[in-house]
Each structure stands twice: as C-alpha cells, then as structure tokens.
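For the sequence shown, full-length UniProt numbering assigns the number 1 to the initial residue and increments by one for each residue that follows. These notes concern the structure reproduced below.
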Amino acid sequence: MSARIIMIGCRKGGVTKTTTTVNLSYELSCLGKRVLTLDFDGQGDTTKFFGREDAEFYIGDALLDRKFDITKSIYPAVVDGVESEFLHVIAGRKGDVMTKLDMDMMLLPRREERLKIHLDKVKDNYDFIIIDTNPGTSVLGLNAIMAATEYVFPTEFKEHSLDGVETLLEHIQDVKFVEEDEITFKVLPARIQKSAKRALTYGTEYLKERWPKQTTKTVIWERSLFVEAEFEHNPASVTNKAHVAARYYKDLAKEIINND
Ligand SMILES: Nc1ncnc2c1ncn2[C@@H]1O[C@H](COP(=O)(O)OP(=O)(O)O)[C@@H](O)[C@H]1O
Ligand SMILES: [Mg+2]
1 MSARIIMIGC RKGGVTKTTT TVNLSYELSC LGKRVLTLDF DGQGDTTKFF GREDAEFYIG
61 DALLDRKFDI TKSIYPAVVD GVESEFLHVI AGRKGDVMTK LDMDMMLLPR REERLKIHLD
121 KVKDNYDFII IDTNPGTSVL GLNAIMAATE YVFPTEFKEH SLDGVETLLE HIQDVKFVEE
181 DEITFKVLPA RIQKSAKRAL TYGTEYLKER WPKQTTKTVI WERSLFVEAE FEHNPASVTN
241 KAHVAARYYK DLAKEIINND
C-alpha cells in the first residue's frame, strides 16, 4: 500500500499549519504508522521542530535535479533529542533559499509535477506523507497540491481563516482541474477559543452548513501548551503528556487513520 499524501494548507498565515503538521505527524508515528514529513514552508519551522536545520540536503536538491536520489534528503526526525524510527523528515530552508528555489523552478519543464515524481519512488515505504505549506501561491505550493492525495485545512473560527480555506479549495480545483466533490479533504477547527462566543457560533454554523461531512470531529482548542511546546521544539504530547491538550492531535491522528 502506498502512502496517503496529506497536504496541510490554508491561504492564511498563523492558523496552525505547522503545529498541525508537526503534531499530527508525530502522533501518527506513535500509533505505529511510518511517516515522512516535508517542510515546504519558507520559514523552516517544521524543520526546526524536528531538529534538522543543519541537514546537508533539502527538498530543493530533489526538485531541481531529476537524478538526485531523494532518499539522501530523508532524515530521521529528532524528537526530544532522540532520532525517531518511524518519523522521517525532508528539510526545508529558511527565507530566501525557498524563494530562490521557487524562482529557479518557474521555467523548468514539468515544474508542477516534480515532487510527485520524486515521491513516487519512496511512497511505498510510508503510510503517510505530510506536507507543511506556506499560505501563498508558489511553484512549491503547486507541487504540494499535485503530489497530495488529500488535504487538511486548519482554520480558526474567524472570517479571514474560513475565507482562506475557501480560496485554497478553489485554487486546488483549478490546479487539479476537478470539482470540489472530487477532492478528499478535511477542515480542522484549530486554536479555537472557548470564550469567544461570537466566533464559536459563527464558525460552528459555517462549517455545519458548508462542510458537514468534511469537518473533523476533533477540535483543537486554544491552549498555552502549544506555545510552550513550540519553545521546546517538541510535539505537545512530548512537552507534557498528562496535559489535556496532549490528546487533541492523538484524537485527530486516530480520526484520520480511521477516515471517519
Ligand atoms: N491550539 C493552539 N492553542 C494555542 N496556540 C497555538 C495552538 N496551535 C498553534 N498555536 C500557536 O499559534 C502560532 C501559529 O501557529 P503555526 O502552526 O506556526 O501557524 P502557521 O504554520 O499556519 O503559520 C504558533 O505560535 C503556535 O505555537
Ligand atoms: Mg508555518
């Protein structure tokens, strides 16, 4: 069985794409799944979480060179100082390097399919491949869309975040040249504040109306544990496994595995 390839995306910054990528990847691996995580965001946050900022090879080496052996750019993720057996990562680079990569790819043949072509070589080794992305439009983003077999859209219950999901979903339809009902995706309510009553009503109603079947049962509530975990460069359940919020992404991982 080849991997389910999940792109984590939203056309809005700061909506927990990286937090979701890191925690979901980790929890899937804890459930015995073989996971490969790709950092396609120009901030390199996922790479930092998994301790691979100094990786010799990064995703650009594969995207620019057909003959590059992509397995050379795959490293075990470092979680709490230990190299993980089931969780691997392909590093991104920060800032200008990713922007330059994007520009370098602009005029290349099959520029949108390059990631897919490379992943075809390793996808049988994994159960899940998770791709973190940035909010904008880019050649890298097109590669992530083309390679993914499904999508997770984290969103807050704010108008701009929900718009960010709509915009990306429309973009995916254009890129893949398909209708919305041909796309496999889940909308994940994330960093939801229990006390923000108006947003809670707005978001709940919006999702119930718009994506009744695609909205996850799991809700990622706003909790300071995630900010703490970010300082430690760790998944939340590693930072404090007894914390109530350590369960959120475990629940999401199970929901995604069971596809319910
Ligand atoms: N459930 C949550 N509760 C509180 N803060 C969160 C939660 N999830 C993420 N955060 C914090 O929100 C900020 C933005 O999250 P991040 O994952 O970096 O977003 P993105 O990758 O979409 O830009 C980070 O500082 C992160 O630690
Ligand atoms: Mg991010």
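Think of the CB as a built atom: it goes at the ideal place given N, C-alpha and C, for glycine as much as any other residue.
Beta-carbon contacts of residue i that lie in its chain and below 6 Å, excluding the five residues immediately before and after
i    : result
L38  : I90, I131
H243 : L225
L101 : G60
A55  : Y75, A91
A144 : M7, F40, I131, T133
Y248 : I220
E27  : Y249, K250, A253
S161 : K12, V15, T155
T218 : D251, L252, E255
E53  : T47
Sub-8 Å separation of residue i and residue j beta-carbons
i    : j    : result
S29  : D124 : no
L36  : Y151 : no
D41  : T133 : yes
W221 : K194 : yes
A77  : G44  : no
T46  : A190 : no
I6   : F177 : no
H233 : F86  : no
L64  : D104 : yes
M106 : V79  : no
R34  : Y58  : no
I183 : L31  : no
V122 : T201 : no
R223 : A245 : yes
Local Cβ density within 10 Å of residue i, reported as buried at 16 or more and exposed below that
i    : result
V187 : buried
R66  : exposed
H118 : buried
F231 : exposed
V165 : buried
L108 : exposed
K250 : buried
G203 : buried
N259 : exposed
T19  : buried
T99  : exposed
Residues near residue i by beta carbon distance below 7 Å, same chain, minus five either side
i    : result
L168 : G9, C10, R11, F153
E228 : T239
K158 : A199
A148 : I5, I6, M7, I131
T21  : I8, T37, T46, I130, D132
W211 : V187
F68  : D61, A62
Y206 : L162
S25  : V35, T37, L87, I130
Cβ of residue i within 8 Å of any chain C Cβ
i  : result
M1 : The displayed structure is made up of one protein chain only, and chain C is not part of it.
Cβ shell of residue i (< 8 Å), same chain only, five flanking positions each side left out
i           : result
L142        : R111, E112, V175
E180        : L169, Q173
residue 334 : In the structure displayed, the chain extends from 1 to 260; residue 334 sits before or after that span and is not available.
M146        : E112, E113, L115, K116, V175, K176
T137        : H171
Entirely within the region 119 to 180 and at least 4 residues each: give me those alpha helix (DSSP H) ranges in chain order.
For the alpha helix (DSSP H) assignment, the uninterrupted runs of no fewer than 4 residues enclosed by the region 119 to 180 are, from N- to C-terminal side, 139 to 147, 159 to 176.
Segments of 3+ residues assigned as beta strand (DSSP E) that fall wholly inside the region 54 to 97
Fully contained in the region 54 to 97 are the following beta strand (DSSP E) runs of length 3 or more, in chain order: 74 to 79, 82 to 90.
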